[in-house]
Structures are given as structure tokens and as C-alpha cells.
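Asker: One structure, as C-alpha cells, below. Some questions next.
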Amino acid sequence: MKTYKYLALASVLALGLAGCSDFGDTNVNPESINEDNVPYAMVFSNAQHQALGSDWDMWRTGCIYCEQFTQQLVSLDWWPYYTRYEWSDGYSGSYWDVFDGDRGAMRDVTTCYDKWAGNADMKIDYNIARVMRVYAFSKMTDLYGDIPYSQAGRPAKYPYPVYDTQESIYKSMLAELDSAQANLGSGTAKMGNQDLYYNGDAASWKKFANSLMLRLAMRLVKVDQATAKEYAVKALANGLMTSNSDNCKLAHAGGTTSNDSSEPFAKIQAHEDREFYLTDGFVNMLKGTNDPRISLIGTIAPSKDGKQYTDIQSNTGGVWTSHDYGDMTFASQKGLPSGGYNIVENSQYFVGKVDKAFNDSAYLANYGRYYSSPNRCTYADPTGTTFIVTYAQTEFLLAEAVYRGYISGSAKAYYDAGVKAAFEQYSQFPNASSAISVAFPDGADAAAAAYLAANPFDNSKALEQINTQYYINSFGDPYEVFSNWRRSGYPVLAPAPMAKLDGECATASDGYSIPRRFRYPTSESQVNATNYGTAVGRMTNGDTFYSRVWWDAK
Amino acid sequence: MVAVCMLFATTIFAQGITVKGTVTDASGEPVIGATVKQQGSTNGVVTNVDGNYSIDVPSAAKLEISYVGFKTQVVPVRGRASVPVKMQEESTAIDEVVVTALGIKRQARSLGYSTTKVDGDEFTMARDPNIGNALSGKVAGVSVAGNATGSMGSSRVVIRGNSSISGNNQPLYVIDGVPFDNSNQGSAGQWGGSDMGDGLSNINADDIESIQVLKGAAASALYGFRGGNGAILITTKSGHKGQPVSVDVNENLTFNNIYDYRDWQKEFGLGLEGQKPTSINAAKAGESNSWGGYLDGSDATNFLGNTYKYSYINNWKNFYNTGVTTNTSVAVSGSDKDITYRLGVYYNKEKSILPGAGTHQLGFNTNTTYKIFKNLSAIVTANYTEDKSNGRSNLSDGNGNTNASLLYRGNSFDVRWLKGTSAGWGTNADGSEMIGGTNVYFNNPYWLQYRKTNDMDRNRLTGSLTMKWDITSWLYLQGAVQRDGYNIEFRQVQPKGAAADPSGWLTEYEKNFHETNYNFLLNFNKEFGDWSVGASFGGNKMYNETKYFYTSNGGRPFTIDGLWSVNNITASGQKPYKSFVRYRVNSLYGTFDLGWKNQVFLNVTGRNDWFSTLSPDNNSYFYPSATLSWVFTDSFRKALPNWFDFGKLRLGYAFASNGTSAYQTLMYYKLNSFTVNGVQTATQNNDNSYPNADLKPVHISEFEVGMNLSFFQSRLNFDMDYYYKKTTDDILPVSTSSASGYGSAYMNIGEIRNSGFEFMVDGYPIRNNNFSWNSTFNIANNSSKVLNVGSDTKRISVSGGSSRNGNVTVYQVVGMPYAEIIGNTYKRNSNGELLLKNGLPQAGDQKVLGNAVYKWTGGWRNTLSYKGFNLSMLLDFKFGAKLFSGTNYELYYYGMHKNTLTGRTASNPAGSITAAGIDEATGKANTVTVTSQDYYRAVCDANIAEEFVYSADFIKLRELSFGYTFPKSMLSHLGFVKGLSLSLVGRNLWTILKHTPNIDPESAINNSNAQGLELNGYPTTRSVGFNLNIKF
């Protein structure tokens, strides 16, 4: 008995005395993927997906700002302040958020880039990552100007990265693309179908790399003709996209608006009642040239209680059905004034001042049913396609390159090919057939031919025509529309008259004009103050909407 | 302890006699279970239920009578057959033996640091269901932030200031030697949420023998990695040696009524711009506004189209109930030859003031010692509770917040209109939520309480088995296995038909937590002439694990109406997940005590911790302490006057820590919850904070100096101390440039210091056989300064410290005290005049509007006893903090605040205000007149937080009890009843001083580090009831 009791004591003590053993993998979370077992290809997919923008930035920097600045869309109910160029830190900085967090495209692409570099087995994957990294950073620098680039997305070494000048970023990006396209070779990347754009096909990436190179080269026409020309020539020689089947795009089959699986621009359009409508300027531009694409871009959406019917989340998980398509006919399309107006009756900004119909209270209450919003078979389809770089854009840029004497050839031929491609491109929207049958009853090619016959290329208006086509073809990618408008100056857009009345952000010294860049998020001025300060010091107007990015010289 | 107390006196062999007597306390009541021992021998007995003893001793012997809480007396027998003994209560400072870190018992006089003991009966009368809240005002330097959340809520107890910039600031809780997890199970933040309670509400006040508060690092250094915030040691009641079987029954019943702090305008009713609603549309548009017409009792139209009299309605009265709390506890305790035991059971039930809400709690407690063998005993302690609660309301943000849905109803809106169909659950005929306006986030309170459900079940077992081997009278060895664990099942259902969530949603999870500690301790105590030497050596292995199993985290939609189960949610909408957090800490520790002539004591301790949470190259940390105690009155006894009983100086210096968290050193990834074109993507899973492989634990060092003084036979006692505590290497998610890929990175960079003093005086202005008056007053001051937060901005926002409204955030600012409230001021010119635009105020710069931490805390208790009557009263107070009141912001916006009456009259209900100030455009005095609604809404729209920051100072009458203990003589008629007392008790009875209109200054959105923010809190309740105690 006594032995038993001492044994009991001893066993308790033994438990206590077992001492300081090795902790093993106690500090490894058994329920989470970690650095040792994460498939980096999936991380790369996240970068590919998020670099295009999610509804987070597409709503804010994309639609509230870029779309309203470039006057393709306008929101009278929700976002009139921003049509008067008022600044919001969160909205201006929302694309910047692609740097970190779950979106973290810049970080995730850089992680894969660093991980795969120097690994012979991952040669194609690495070169794809190089192209991808350039694409993502080019969007960022085009919006903000000087940005962290060489040190960005590398938190272990650079918690407070320096801002590289846009000039150096562009030179680096162009060289990087040239090198990547040369090293891509042929075959399929290890990541295979995790590559959301081309399923790992090296040849397609090569064409995309060169088409992107042409885009970035042509960005420089105002500041560095020599480099612009050098890389335009290279891009052409290396091999560009040659048909719509080469388009760089991301499909969203099965996308729903309840998460990030949907097409982001479409998700915004399917999101709220009476949010964004086509502007009268955009509608008139299309109608004025009898452009049948208007039936693919706009629709008079069906209404419910006087409002647009947008309730597709609880409907079919984010799929429009035919009764949601609305009236897509050419004649019915109508745009809203986009001069900085609102729908508040007593307000100095009241839209009734310029569109008398709004002075009728019944009309005002139900105005949503009379105006065009983005077409639900195409740009407002959450299961639709995001176009990243298109064959049509490439042809338009080549037309301009010829016009500028960078390359030889026929500007008209490139232009015509671009228009034709732009018309044909709609078939790449998965649910566009109803709209296509309205827009192109005799087929896209016939419609394009008729359109070109009625609106032939005119070399004296080459830049305007080319870039107007670019503006139309890039609808749905507001960042690219804003960049190409700043680069080319076309289409000519008048600043919102109400911005002058408001004067909150746009001032006399800026001519109350349309903003030229986005402000850095305030957090950078606080957290990364030194590097931020250096970058701001390089800008003539400081960190404002009215400083210009390097390539956007006056 | 036995070894310390035992004196090896020479036994006198002489003729034996039988001595009998009764041991009584100061009031003449018998002391049951007191030990009566022949001094210097092992011959001893214990008093029975009547306080009587009988012992055979030599006639020249001395009797040593001892009992917990009383001074040990030595009485010479001198041949008497009857020796009555009157015990005197022990004075803390002088002779008491106290429980210190790791359960080591030491003489109070030898301690070189500050510690305060609170007796269990201080928690049983005017009780708070949360023991943490019940500490309020009782201990100098212990700041309690009680959030009025009923028995379901949590407490925030902070000792000697906040020593971590962003980590845990609450002390370690230990119950009978077992570390007790007091994590908050969830709290509200900027976007709402509920206070899900903490662990302390699982402890029944009737089971508490005492609570020992170890305030500083010197006292808690032996807890090493988690001693940095002090420790609170809870000792449960146990049986006493020789005590016969006794049964203790306690019944506590209180009624909880709303302490209504509202003081808003009742002159203008529901509506906008001075208009009384006369149409359904106007009634709906004005639902949550009191900018309407003058309340003249005329006919108005409500949202249902019904006509009603336009007059003020008190919706709180029409909606809230009287809360009822009952607590019944029964305990059986006693002893036999080899066992002392106590078994307690209690049942606690609260019907909340919120309709349909309440708690049930059933608990068992035991503390039993069994002497297995002569020198070997087993001690079993266990505390088991199961509780169920339902109907918790959201706090903070209005959506889901029952109180918010009542607060801002237009003044003439009768909430009972929203009862809806006959069940009164706030539904329309089709079962959907009936709302009174157009804002789907302004809920129907009946829907929230009856349809939207919120249930939590918890089982908790905290217990230990300790084997103690008394090797000799001066050496013992003990080993223990200790476990604290609980299991929570939580389920929240928003049924189909909610106005804001028509498809409904479900959150359901099970949480499993447990911590196991295995430890041993070898303890040595011996005296060598003038010297006493004590030493101990021990070790501990700790394993801590938390798992969550979510069947659904906000999954939706429900398919079939009425079945609120995860099985009724489409597979793609279920959102299940699991989380698993675990860590280990291994420790070795030792102490060395040296005493000289029972006057001077040196105590040195050391503990080394090894952390699983840190890199193996970098995971060992040492925490030493050294304290010195000098009873100078003993040294200068002859020079001091008689009335100067006792004086002690103490000095301490120690290092401790605050622990680390699991998984902060490694990169994690996660699969995104969606696919893109059918392809799975993955990204970081470190909450956007870059991990740090080289993390160290937080380092806290503290110096303290103090003094105990006692005069006039302990009728006047002082305890005072000063401390200086510095935290370095605090682990912060330091803001990094988002361009790095992460918004923050974990770094050992935070530094903060706290210093302050504590003062306590305890006295008996009157003390005689029939009447005594005890008065205890304590006050403490804390000042803090943030020294480093590691980012360019010199400030870091406090997690969860952003207000839902008013654009206010709580920051840690370098060079400033802990928790600064920062928000917009009014835009003014250099003369301080308002700069107006179109007659409306504008926001100026963001500034520090105040500090959220109280500088001064304290309490004052007075206890009057006359024969069997007892009156006790506790006032507590806090001064020197500010509060941003989101409720008052909303009351401005909705035209309910009294200030919004400015400009409004019965004949001009829309009001007109020509604000005093300068028109910014013209530079001249403002001449633009605006309506009252436009003016006050402009204050809110511009988020001028300055308007809503108030002093949070208060003085409250926290506890009051008046009781009568029936004397023995009266009870003799009742036969088996050995004791009976009845008390009238009250809690939170009177707020004597406050500066916050419409709200309780203690109201807060949560009990986290984000102090200083208030919005839509539960109404505070005032509890009044009875406490009945019967002993058999």
C-alpha cells in the first residue's frame, strides 16, 4: 500500500519533471498552408486575378474616378462629388491596395518571381512571372507616377521601399519584357492551368509580352520618342498578337457577385440600383457615327418600382436572365449629363439645370428607367470576360506608330484591322449573343465593314480617330481608358462645368480641369514618410490630382 | 507554513487536566473549527459547531488557538478547567500568512512588495455576476472597467496601468493554483458585435475564500512569461481540520432595473424639418428622427397609416423588463480523520432586462484534502460550470443592436407598433421583419430579441490534483497536474425575412480550449538562530490549445423556411472552417529567502521560460526578482511609542513578461474562398502582418517601494507604495508601407512606461464590543507615457479602437499617455471663433481630444456593525479620463439631444440658427440662418468629434448592504439551524457624479485596449435585492 502511494506521488512528479523537451512543430499551424507546402502557382494565380482589380478598386479608383473622369460613365445619385473631382483618400488609394493584404498582387507576383528566378525547371514560369510583374506595375505607375518598384513586394528586406522614378520603371519594364519574351521559348509552363490567362502557353505569353511592350512604348510619345520608337519597332519584330484569339483576357465562368469570383467591372454594374449610367457624351459619340456597338455597350435596363432592376444576387447567383437584358436597340439608348450634376432639387448642382426633363418630379423619381447603363450581355455580365490587352488595341497602336513614323506600313490598314477586331471581339463575351444579334444582325464583319465605309480612316484626323477607337474598345478597363486619354489627348473631353462651381479640389490654377493622376494613400505619407517625401518632391504640383506622371508631359 | 510557525518549545511534563472552553469572535459568535493546541506539541483539537473545545493538557501548558483570519493566541492554562478565548481578527500587515505566486505561503511581514487580500464575503452581498467587476473600488491600483452587459458580459481589470501597447493588459488569474483563462470570448468593434463574456462569470462568489491581488512584477515574477500584468489568485473555500459536517445555504435574489441616464428633449416628435408626419411616407422618412413638429398631442399618422396622438413616449418603459437574478448555493463541508472537504453547488439564473434574454448557470466546486499517508496528502480542487445564455444584443454599431433600435426612435414612435403579428415578434404577416421606416439597418427590436437568436452554451472544468509530501517539518515536495478547459457552442441565426438580410444567415461554432500544467515544487524552510532560510525549486510544463470548429461563419442562404440549420444552407454557402492555435512553455524556477530576527527579509526569485512560439535559437528567457522587507518597528521597538504597532519598509525590483502568441514567426497561406474561372487561387494568411522569425517576448521591468504602518493595536493601518514600470520589446504590428506587400510587420519595438502610487488606509474610528465602524479608503494614481511605437508617424492605432461614427480613433502616440482619443475639432480662426460655411460649422484639424485612461481610481468602504446588524457601503470613483460618446453624436443627428433644441420653438419647430462665428468666405460675421436640423446635422456630418468628448469622471455608490445576523440564542428555537443572516443588498444604486449626458460614463463599446469609445451601450442596471444565508 505504501509503495502504491509513493508510486502515485512519483508519477505526478515525473509528469512535472519531464523537463524542457524539444517543442517540435508546435509552432506550425497544422490547419494552415505554409511556406513549405504552398503551391506557388496558386499564389501566382492570385496575382493574375487581383492585378486586374477586384470590385474594391474597380468601384472606387476604377468607376467612381476613372470612368467619371473619362466620361464614359456617370453616377448622379451616388457619386456626384467625384464628377466634380473631389478627393477621397480611400477612393484615390484603392488601386494602391493591390500592393498588400489578401489582394496583394504586387507582393504575390514578386514572391513567385523571386522564387522561380534561376530555376532551370521553372524557366517558362519565371519568364511568365516577369511579364506579369511588368503588367501589374505598369498599371500602378500609370495611375500614381513614381512608385515603389525595385523594392516593392519584398517585405523581408524592404518594409519601407523607396519610390523609383517612373522613367526608370518604364525603362526597366521595357527591358524586362524584351528579355522575358526572348527567354520564354516554347512549350507549357509548369503551372499549367494555374495560369489564368493562357494556361501556361509560352507562345501566347510571348505575343502578350510584345503587345504590352508596344503599349508601354507608345505611352512615351510625349516624353521620349526615341525609346517609344525603339520598343515599338522591337515589339513588332518580336511578334505581336495577330488575331482576337491572341487576346489577353480572363474569363469568369461561374462567377458570382457575392465574392471576388465575378468580373469586377460587371460586379459594380450589377451591384446597386441607379449607380452608373452611360454619359450623354459617350452615347452621342457612338450614335453620331451610327456605331452599332452601342447595342453591345448600353441597354435601357428593365425597372422595378421606378428603379433599375439589379437584384441578381438572390436571383440566380449572379447570372442575368433574358428578362434582365432590357432594351438594347440603337434608338432607345440615351446618356446622362456628366458635368458634375446631382439629383438634389434645390442644389446648385441639380441636373435639372441642363436636362429639363428632371424638373418633373415624377421623372426625377423614376429617371433610372430612361437612361442607358452598361449592357448586361457584355460588360455588366458578372460571368463575363475581362480584357487585359487586346488585338484591336495593338492594331490601333500600330496605326499610330505608322502615323508617327516609328514603323513603316499603312496606318489605315492597321486602323481598319483594329476596328474589325473590335467588332469581332464581342463574341468573346460568353453571353453576348442576344446583344450581338441586335447590334450586328448581319454579323460583326459586315457591321464593321459598313461602319468603316461610313466612317473611313482620315489621316488628317488619325490620332483622334485611332484613339477614339481605342477609347471605345477599352470600355470596361477604366484604368487603360484614363491612361490612353492622358497620353493621346483623345477623345477631347471638356472638364465638368460644375467642378468650377464646387472648387473643392479642382481650382483655378488647375483650370478646374480633369485630374491627371491619383494621389498616394495618406498612409504612405505617414508610414513611409521619407521615401514618400522624396517622390512628392519630384512633382511640380506635389501629391495632387494635378501633378502629372512622367510620361504625361504637357 | 507549519514549519515556519512551529516553535520547538520544551514540553513540560506535569499533571494532566481536561480544559474546556468556547472560542468566540469579537462579536461573541462562536468560532467553528478553530485549532486549539498544546503549544509546542502535536496535541490538538478543533472547536465544534458551538465553538466549544475540550483538551487534555498538562496544567502548566499553554494553549495556542489559531484560526484563519484571526490572530493566533497563546493562553496559559494555569490549572484552570475552563479557558474561554476571544479571538481577534488578524491585521493584514502584521501576522497574516498570505498566498503568494505559485501558491507558496509566506508571512505577510516578509513580503517586499505590495499585495492586497480581499475576503470572499466582500463578493457575496451586493454581488456582481462577474468577479472581475466585483473588484471595482476594492484594491488600490486595480482599475476595473465594468461594461454594463448583465451577467453575460466581461470585465476589464488592469493593475498599475496598461503595460502593453497592443497586447494583453489584464492580469493572470489563478484559481487554487490553476492558471485560469479569462479571455474575452468576443467583443464588439467598430462594426458591432456582442460582448461574449469572459471566464470570471463562471466563478461563484459563495465559493471564494479570498482573492489575493499580486500587483506588481515583483509579486508575480515567479509567473514569468505571464506575470507582467500582476496576478489575481483566487482561493476557494475548503473544509477545516476538525470541523464537523456543516451545510451552508445562500440565496441571493436581486431585481435589476434600468438606471435611466437619458435626459433628452421631449418637446419635438418624430419627423423632419419641423413637420409632424401626416402620411405613411412622412412617418417612414422620419422614423428615427425627432426633428418633427411640436409635441402637442394632436393627431399624427404612423408608418402603418394609423392615427395617433403626437406626444412623447418612453420606449424603454414599453420594451425593457425588470431583470431578475437569483443565485442559490449550497455547500457541504467538514472533516474526518484524514480528510477535510467542501463540496459546493450553485445555480444562477438571470432574466435579462432584454426581452427573451437570459442566462442559466450551474456549477460545482470542491476543495478537498485527503491524507493518504502520514506525510503524504492529495489535494483535489475542481470547479465545474455549465452555463447557457441567449439573446445577447449587439453593442456599438446600430445594426443588430437592440438598444440602438430603441434609442433613436422618433420621440412619438410607440415601439409597441412594431410588435407586428399576434406573436409579438416583430414580424409582418409573411413572417418577414416589420420595420418602421426605409432604413433596413434600423432594426425592429422585437425581431432582434425574438427572431434573431444568439445562444451560447459553455462547459468549463478547472481543476487540479496535487500530491504533497511533507518530508520533514521543514521540507516538502509537491507535484501537481492542473487543467483548465472549456467548451463553447455558439450559434447565431438571422432567420429568413430580415429586412437587411432577406435570405438569412447562420454563424455556428464550437470552441475547445484547454491548458494543462504539470509542475513540481520542492520547498525548504528552516531557522538557524536569528536566521530563517527558505528556498524552493520547481518546474512547470504548460500546453495551451484552442480550436474552433465553424460549421458556418455567416453562411447563407437558408433554403427551407424555419429550419435554421447548416444542413439547410446550400453547400456553396456554408462557409465552414477550423482554426487551431497551440503553444507550449516550459519553465524552471527557484526562490531563496533569508530572514534575520524576523525583521529583515531578503527574497530572491528566478524563473526561466522556454517558448514554443519563438525560434529555437532564441526561445529562452530569464525573469529574476529581488525584494527586501524591513520591519523597522521591531528594530527600534524600544525607541518607539506603544501605539506604533508596526512599520515595514519594502523594496522590490523584478523582470517579467507578457507572453507571446503562437504563429507570429512563420509565413502562412490560405486558399481563397472562391475560384476564378474554376481555378483555385491562394494568398497570404498572416492578416497582412509580416511575420518575424526573430521575435522575443515582451520585457517588463518594475521597481517598487512601499510601506505598511499600523497604529493603536491595528485600529489604524496604512499601506502605500510607489512603482515605476517599464515595458520594452513590446510586440507590435508596426505599420509598414503597403508597397512592401504587408500593411504591418511584427517587431519587438514598443516601449511604454507606467508609474504611480497607491495608498490605502484602514481604520476603526469606533470599535467596542457592541459597535464598530470600519472605514477603508484607497486611492491610486497612474500615469503612463508611450515611448516608442516604431513607425515614422509616431503613433499607432489601437486595434478595434475606431468609432463607428464621428471619425474618431484611439491611438498610442509617442510622448503621450496610453490611449489618446483623436478626432476632428471645429474649424476656428486664430481668435477661436467658429469658421462657418453657408452658416454651418466645419471640421478643423484632427487633434487629441483627450486621454481614455483614468489617472485616479479608488474606493471608500464604510462598515458599521451593531450587535447583529451590519451596514456596509462602498463608493468608488475614477477621475482623469475622457470619453467619446457616439450615442450623443447620434442624439445630435436625430434631433434628440437637448442641445438641438436651440432655435426650435413650438411655433417654429423647424428652428432657425444664425450661428455665432465668421463666414469663412467673406471673413465677416455669419449672417446665414439655417434650420436646427441642418445645423446639428452639419456638426455630425463633418464628424466634429470635439463636440462629443466628455469627462468620464464619476463617483458611484457601488455597493450597499444592510444585514442582520441572528444570534445563537434566537436560533436555538430553530433546532438544527446553526446560523442565519438576512441582508438587503443593492448595487450601482446612485451615480453621485458624472459629466456625460444621456449615458453612463462607464459605458464602452468593449473591454479591449480600445478604451474611450462609447456607442449604443446596454442601459446600466441598478440592482436591489436580498441575501439569505443559513448554516446547518
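Protein sequence lines correspond, in order, to chains A and B.
By this note's numbering, the letter at position 98 of the first sequence is numbered 98, and the numbering carries on one by one without gaps.
By this note's numbering, the letter at position 860 of the second sequence is numbered 10860, and the numbering carries on one by one without gaps.
Positions of the beta carbon are idealized from the N, C-alpha and C atoms, including for glycine.
#1: Considering only the alpha carbon of each residue, which of B/R10650, B/F10674, B/N10642 and B/Y10543 lies closest to B/G10573?
#2: Name, going along the chain, the residues of the stretch 137-149 of chain A whose beta-carbon falls closer than 8 Å to a beta-carbon of chain B.
#3: Any beta carbon of chain B sitting closer than 7 Å to that of A/L296?
#4: In chain A, what lies closer than 8 Å to B/M10667 by C-beta?
#5: Express the C-alpha separation of B/Y10543 and B/R10451 in angstroms, rounding to a whole number.
#6: Can you tell me the Cα-Cα spacing of B/A10952 and B/L11013, whole angstroms?
#7: Can you look up B/W10417 in the DSSP assignment and give me helix, strand or coil?
#8: CB-CB under 6 Å to B/F10879, same chain, minus the five flanking residues each way: which ones, in chain order?
#9: Pick out the complete beta strand (DSSP E) segments inside the stretch 10494-10535 of chain B, 3 residues or longer, and give them in chain order.
#10: Check whether the stretch 10623-10632 of chain B touches the stretch 10176-10190 of chain B, taking contact to mean three or more Cβ pairs, one atom from each stretch, closer than 8 Å.
#11: For A/K556 versus A/Y367, is the C-beta spacing smaller than 7 Å?
#12: Just to confirm before moving on: does the CB-CB distance between A/K267 and A/D55 stay below 7 Å?
#13: Thinking C-alpha only, which one of B/N10184, B/N10202 and B/K10371 is nearest B/M10196?
#14: Under the three-state reduction of DSSP, which class applies to A/V402: helix, strand or coil?
#15: Determine, for A/T544, whether the minimum Cβ-Cβ distance to residues of chain B falls below 7 Å.
#16: Have a look at the DSSP bridge pairing and note the partners of B/D10484.
#17: Output the residue ranges of the alpha helix (DSSP H) runs that lie fully inside the stretch 10677-10709 of chain B and measure 4 residues or longer, sorted by chain position.
#18: According to DSSP, is B/G10479 helix, strand or coil?
#19: Alpha carbons only, please: which of B/N10257, B/L10172 and B/L10063 is nearest the one belonging to B/N10988?
#20: Cutting at 7 Å between CB atoms, please list the residues of its own chain near B/V10481, excluding the five before and the five after it.
#21: Taking 7 Å as the CB-CB limit, is A/G476 close to chain B?
#22: Thinking C-beta only, is A/L212 closer than 7 Å to A/L250?
#23: In this structure, how does DSSP classify B/V11024 when only helix, strand and coil are distinguished?
#24: Since B/Y10294 contacts B/F10268 with CB under 8 Å, what's their CB separation in whole angstroms?
#25: So, does the CB of A/R107 fall closer than 7 Å to a CB anywhere in chain B?
#26: Use the C-beta contact count for A/S433: other C-beta atoms within 10 angstroms, 16 or more gives buried, fewer gives exposed.
#27: Could you check what DSSP says for B/W10856 in three-state terms: helix, strand or coil?
#28: Can you look up B/I10435 in the DSSP assignment and give me helix, strand or coil?
#29: Could you spell out the range, first to last residue, of the beta strand (DSSP E) harbouring B/N10250?
#30: Starting from B/I10159, follow its DSSP beta bridges and name the residues at the other end.
#31: Identify which residue in A/Y40, A/A444, A/F99 and A/W96 has its Cα closest to the Cα of A/P292.
#32: In chain B, which residues lie with their C-beta within 9 Å of the C-beta of A/H252?
#33: Closest to B/M10456 by CA distance: which of B/Y10548, B/G10391, B/K10541 and B/L10871 is it?
#34: Helix or strand or just coil, what does DSSP make of B/L10200?
#35: With a threshold of 16 other CB atoms inside 10 Å of the CB of A/F387, please say whether the residue is buried or exposed.
#36: For a contact meaning CB atoms closer than 9 Å, what does A/M132 contact in chain B?
Answerer: Here's the rundown:
#1: The residue labelled residue 10573 of chain B in the question sits at position 573 within the second sequence. The shortest Cα separation from B/G10573 among B/R10650, B/F10674, B/N10642 and B/Y10543 belongs to B/F10674.
#2: I147 and P148
#3: As a position in the first sequence, residue 296 of chain A is number 296, starting the count at 1. A/L296 does not count as touching chain B.
#4: One-based indexing of the second sequence puts residue 10667 of chain B at position 667. N34 and E35, listed in chain order.
#5: In the second sequence, the residue the question calls residue 10451 of chain B occupies position 451. In the second sequence, the residue the question calls residue 10543 of chain B occupies position 543. Those two C-alpha atoms are separated by around 41 Å.
#6: Position 952 of the second sequence, counting from 1, holds the residue named residue 10952 of chain B. Position 1013 of the second sequence, counting from 1, holds the residue named residue 11013 of chain B. Using only the alpha carbons, I get a separation of about 11 Å.
#7: In the second sequence, residue 10417 of chain B corresponds to position 417, counting from 1. The answer is helix: DSSP assigns B/W10417 an H, G or I state.
#8: As a working note, residue 10879 of chain B is residue 879 in the second sequence. Contacts found: W10856 and D10953.
#9: If we require 3 residues or more, the beta strand (DSSP E) runs fully inside the stretch 10494-10535 of chain B come out as 10505-10528.
#10: no
#11: A query on residue 556 of chain A cannot be resolved here, the shown segment of chain A reaching from 1 to 554 and no further.
#12: One-based indexing of the first sequence puts residue 267 of chain A at position 267. One-based indexing of the first sequence puts residue 55 of chain A at position 55. Against a cut-off of 7 Å, the Cβ pair of A/D55 and A/K267 comes out as a contact.
#13: Start at 1 with the first residue of the second sequence, and residue 10196 of chain B comes out as number 196. Relative to B/M10196, the option among B/N10184, B/N10202 and B/K10371 whose CA is nearest is B/N10184.
#14: The residue labelled residue 402 of chain A in the question sits at position 402 within the first sequence. Helix.
#15: The residue labelled residue 544 of chain A in the question sits at position 544 within the first sequence. Taking Cβ atoms only, chain B never reaches closer than 7 Å to A/T544, which makes this a no.
#16: For this step, residue 10484 of chain B is matched to residue 484 along the second sequence. Answer is B/T10462 and B/E10515, bridged to B/D10484.
#17: Runs found: none.
#18: Counting from 1 along the second sequence, the entry for residue 10479 of chain B is found at position 479. If DSSP states are grouped into helix, strand and coil, B/G10479 belongs with the strands.
#19: Here residue 10988 of chain B is taken as the residue at index 988 of the second sequence, counted from 1. Nearest option by C-alpha distance: B/N10257.
#20: To locate residue 10481 of chain B, count along the second sequence from 1; it is residue 481. Excluding residues within five positions, the ones whose Cβ falls inside 7 Å are S10464, L10465 and Y10518.
#21: The residue given as residue 476 of chain A occupies position 476 in the first sequence. No, A/G476 lies away from the interface with chain B (no Cβ there is under 7 Å from its Cβ).
#22: Residue mapping note: residue 250 of chain A aligns to position 250 of the first sequence, counting from 1. Residue mapping note: residue 212 of chain A aligns to position 212 of the first sequence, counting from 1. Using a Cβ distance threshold of 7 Å, A/L250 and A/L212 do not count as a contacting pair.
#23: One-based indexing of the second sequence puts residue 11024 of chain B at position 1024. DSSP places B/V11024 in the strand class (E or B) of the three-state scheme.
#24: Counted from its first residue, the second sequence places residue 10294 of chain B at position 294. Counted from its first residue, the second sequence places residue 10268 of chain B at position 268. A Cβ-Cβ distance of about 6 Å is found for the pair B/Y10294 and B/F10268, placing them in contact under the 8 Å criterion.
#25: To locate residue 107 of chain A, count along the first sequence from 1; it is residue 107. Chain B, which has a Cβ nearer than 7 Å to the Cβ of A/R107, makes this yes.
#26: Locating residue 433 of chain A in the first sequence gives position 433, where the first residue counts as 1. Per the 10 Å Cβ criterion, exposed.
#27: Reading the second sequence from its first residue, position 856 is the one you call residue 10856 of chain B. Three-state result, B/W10856: strand.
#28: As a position in the second sequence, residue 10435 of chain B is number 435, starting the count at 1. Reduced to three states, the DSSP call for B/I10435 is coil.
#29: Residue 10250 of chain B sits at position 250 when you count from the first residue of the second sequence. Start and end: S10246 to I10258.
#30: Locating residue 10159 of chain B in the second sequence gives position 159, where the first residue counts as 1. The bridge partners DSSP lists for B/I10159 are B/V10142.
#31: Indexing the first sequence from 1 puts residue 292 of chain A at position 292. Nearest of A/Y40, A/A444, A/F99 and A/W96 to A/P292, Cα basis: A/A444.
#32: As a first step, residue 252 of chain A must be located in the first sequence, where it is residue number 252. Under the 9 Å cutoff, chain B gives V10676 and N10677.
#33: For the purposes of this step, residue 10456 of chain B is taken as the residue at position 456 of the second sequence. Per the Cα distances, B/G10391.
#34: Stepping through the second sequence from its first residue, residue 10200 of chain B is reached at position 200. Note: B/L10200 maps to helix in three-state DSSP.
#35: Walking along the first sequence from the start, residue 387 of chain A turns up at place 387. Buried, since its Cβ has 16 or more Cβ neighbours within 10 Å.
#36: As a working mapping, residue 132 of chain A is identified with position 132 in the first sequence. The premise fails here: A/M132 is roughly 13 Å from chain B at the closest Cβ pair, so nothing lies under 9 Å.
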